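End of the sequence shown = 230 in my numbering, gap-free, step of one. Backbone N, C-alpha and C define an ideal beta-carbon position, used for all residues, glycine too. Treat the numbers as computed from the prediction; the structure is a model and nothing was measured.
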Amino acid sequence: MILNERSLKNLEGVHADLVRVVHRAAEICSVPFVVTEGLRNLKRQKELKAAGKSWTLDSRHLTGHAVDVVDANDFKYDIPDLTKIAAAMKQASRELDIPIVWGGDWKQRDTPHFELDRKVYPASGISLTAKATEIASKVITSRPVLTVATGGTAAKVASAPASTPVPDPAPAVALPSPPDTSWLTGWKGTGTTLADIGSWAWANPLITLGLAAWILAAMYLVPKITRKAT
Numbered sequence: 001m002i003l004n005e006r007s008l009k010n011l012e013g014v015h016a017d018l019v020r021v022v023h024r025a026a027e028i029c030s031v032p033f034v035v036t037e038g039l040r041n042l043k044r045q046k047e048l049k050a051a052g053k054s055w056t057l058d059s060r061h062l063t064g065h066a067v068d069v070v071d072a073n074d075f076k077y078d079i080p081d082l083t084k085i086a087a088a089m090k091q092a093s094r095e096l097d098i099p100i101v102w103g104g105d106w107k108q109r110d111t112p113h114f115e116l117d118r119k120v121y122p123a124s125g126i127s128l129t130a131k132a133t134e135i136a137s138k139v140i141t142s143r144p145v146l147t148v149a150t151g152g153t154a155a156k157v158a159s160a161p162a163s164t165p166v167p168d169p170a171p172a173v174a175l176p177s178p179p180d181t182s183w184l185t186g187w188k189g190t191g192t193t194l195a196d197i198g199s200w201a202w203a204n205p206l207i208t209l210g211l212a213a214w215i216l217a218a219m220y221l222v223p224k225i226t227r228k229a230t
């Protein structure tokens, strides 16, 4: 299969290695697919998170390290078709020796999503301060999110600036509502949050030690000083 014009447009700004994987996957995949999103700006990422379509601001889309795809036959996020697309993407990844990660393999599944492995391509799209703020906010509040694979219509995940939606090549079809698994998603979200905090703390030991020292000082030193003053 040859990628259509829309897919080629949405691959602009995407990392060259991931573009190679997508093109090779399109050649060998038994299911034709369309690249619906590639490079995003921070404004669009914030809108997607606010709408429950993403659970982080630190998206690989911000640096061109991720793409979202959909079945081109009916423009639906059918799990069987996306599994075939994932198999082709993984085969292309092995052939080209370019490691990728499929969102369908995550505990909180995002089946249309493919990204370059962070271990090999570690770029981040937001500042350290923004990342720390986001992790802290997850500790305070946690709610289930809807991935692009489980809600809305195909038009809502089209790659386009926030103010200029791009029409779909086929009529938008509402996806069936998923079963109510919010309780399970909540527990999974809590586990993901704890893992994020641990990973961030490990990657930023100086900041972590500084925060720990500040907390200990607030817990032990301030009360002692207050008692002496009174």
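Alpha carbon of residue i to alpha carbon of residue j, nearest angstrom
| i | j | result |
| --- | --- | --- |
| Ala212 | Ile98 | 39 Å |
| Gly198 | Lys119 | 16 Å |
| Val101 | Tyr220 | 45 Å |
| Pro202 | Gly210 | Looking at the sequence provided, one finds Trp at residue 202 rather than Pro. So the alpha carbons of these two residues sit roughly 13 Å apart. |
| Glu47 | Arg40 | 11 Å |
| Pro80 | Asp74 | 13 Å |
| Leu3 | Asn204 | 41 Å |
| Leu82 | Lys90 | 12 Å |
| Pro176 | Lys76 | Residue placement at Pro176 is poorly supported in this model, since its pLDDT is 49, which falls under 50; the coordinates still yield a value, given next. Going by the C-alpha atoms only, they are around 10 Å apart. |
| Ile215 | Leu42 | 32 Å |
Beta-carbon spacing of residue i, residue j below 7 Å
| i | j | result |
| --- | --- | --- |
| His65 | Leu116 | yes |
| Val70 | Pro122 | no |
| Val34 | Ser54 | no |
| Arg20 | Leu96 | yes |
| Ala87 | Arg24 | no |
Residue i Cβ short of 6 Å to the ligand HEM heavy atom set
| i | result |
| --- | --- |
| Val35 | Among the components modelled here there is no ligand, and therefore nothing to report on the ligand HEM. |
Integer-rounded CB distance, given that residue j should sit under 8 Å from residue i
| i | j | result |
| --- | --- | --- |
| Val31 | Val67 | 16 Å between Cβ atoms; not a contact. |
| Arg94 | Gly103 | Actually they do not touch by this definition, with Cβ atoms about 18 Å apart. |
Contacting residues, own chain, Cβ-Cβ under 7 Å from residue i (five flanking each side not counted)
| i | result |
| --- | --- |
| Ala51 | none |
Contact set for residue i: own chain, Cβ-Cβ below 6 Å, skip 5 residues either direction
| i | result |
| --- | --- |
| Met1 | Ala26 and Pro32 |
| Ile207 | none |
Residues near residue i in its chain [Cβ-Cβ closer than 8 Å; skip 5 each side]
| i | result |
| --- | --- |
| Glu5 | none |
| Leu18 | Gly64, His65, Ala66, Val67, Ile98, Ile100, Phe114, Glu115 and Leu116 |
| Ile85 | Ala25, Cys29, Val31, Phe33, Val69 and Asp71 |
| Glu12 | Gly38 and Leu39 |
| Trp106 | none |
| His15 | Thr63, Gly64, His65, Leu116 and Tyr121 |
| Asp78 | Asp71 |
| Ala217 | none |
- Residue ranges of each alpha helix (DSSP H) within the stretch 69–134, 4 or longer: 79–96
- Minimum length 3: unbroken beta strand (DSSP E) runs contained in the stretch 14–39: 33–37
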